[in-house]
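Residue numbers for the sequence shown follow this note's numbering, beginning at 6 and rising by one.
What follows is one structure encoded as structure tokens, with my remarks underneath.
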Amino acid sequence: MAWSAADYLTFEAERTRPALDLAAQIPSLPEGTLYDLGCGPGNSTAVLATRFPGRRLIGVDSDADMLASARRRLPETPFLAGDLAEWQPEEPAALFFANAVFQWLPDHAAILERLLETLVPGGVLAVQMPDNLDEPSHRAMLALARDPSFAPAYGAAPPQRAPLAPARAYVERLSPQAQVVDVWRTTYHHRLADAAAIVEWVKGTGLRPFLEPLGPAARVAYLSAYTARIEAAYPPLAGGGVLLPFPRLFLLAIRQ
């Protein structure tokens, strides 16, 4: 699936806030390289550069447009192309930081376990993943994908990602290799201009897999029906705008 750095950065401040909150929880790090996994357009990499000035920092992403944007933002920082389902660092790392990427990967708990093994002692695995499949924004995507008007475009199954595991599953999976495993969930409430802004937000991320298989006419029809559902699910606030609740799961593990 191709991504658009420009679409993603339309709501840069809101998308970067979880990265700031996660980075603030990272303790002092041992010697070693810091990696921003799924670095996207480099907004989270910039957070790490500020949080840990002078440290060797590398961004990794699989999308060419995201990498190009990240290199423009931070021209002195190396950015590498890599598929996180298989990627391994060349040497043990001090930090793996991942802001909103592992929710897209099947069996990501196994990948996180593997990455934890490649940290130096005292190294940190810090991960944030959207946990919003039960929100109206994402329930509407799936409901429309099952509508007979659109279902044939998706083949055997709609392209929705798998739900996250319960918090205890991550704790149990990572604890044998970790001094500490801390998991928490935060719901951000973003005040946006209107329902159309919510549609624009998800067009940069969760809606992309639903739109890409559709032809031009079907895409217009899907977006029209989706926007109507969003308008109904997110009514205007008394003072103007709409409120978009956005739950996210955070995980921080320190290697033994």
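Where a beta carbon is used, it is the ideal one built from N, C-alpha and C, also for glycine.
Keep in mind that this is a model prediction, so the values were computed, not measured.
Under the three-state reduction of DSSP, VAL106 is assigned to coil, being neither helix nor strand. When PRO240, LEU110, GLU36 are compared, the shortest CA-CA separation from VAL125 is found for GLU36. Annotation for TYR227: the continuous alpha helix (DSSP H) segment containing it runs 221-238. Residue state for ASP199 is assigned as coil, using DSSP reduced to three classes. With a cutoff of 7 Å on beta-carbon distance, ALA98 and TYR175 are scored as not near each other.
Under DSSP, the beta-bridge partners assigned to ARG260 are ALA183. Judged by pairs of C-beta atoms under 8 Å, the segment 100-111 touches the segment 79-91, as three or more such pairs exist. In terms of Cα proximity to MET71, the closest of PRO163, LEU256, GLY45 is GLY45.
Per the coordinates, the alpha-carbon of ARG60 lies some 8 Å from the alpha-carbon of ALA54. Nearest neighbour of ALA18 by Cα position, chosen from ALA202, ASN48, LEU147, turns out to be ASN48.
According to DSSP, MET134 shares a beta bridge with LEU254. Going by DSSP, PHE215 is part of the alpha helix (DSSP H) stretching over 213-216. The criterion of a C-beta distance shorter than 7 Å is satisfied by ALA145 and ARG234. Judged by DSSP secondary structure, ASP41 falls within the beta strand (DSSP E) whose first and last residues are 38-42. Around the beta carbon of GLU81, fewer than 16 other beta carbons lie within 10 angstroms, which makes this residue exposed.
In the DSSP annotation of this structure, the continuous segment of the beta strand (DSSP E) that includes ASP66 starts and ends at 62-66.
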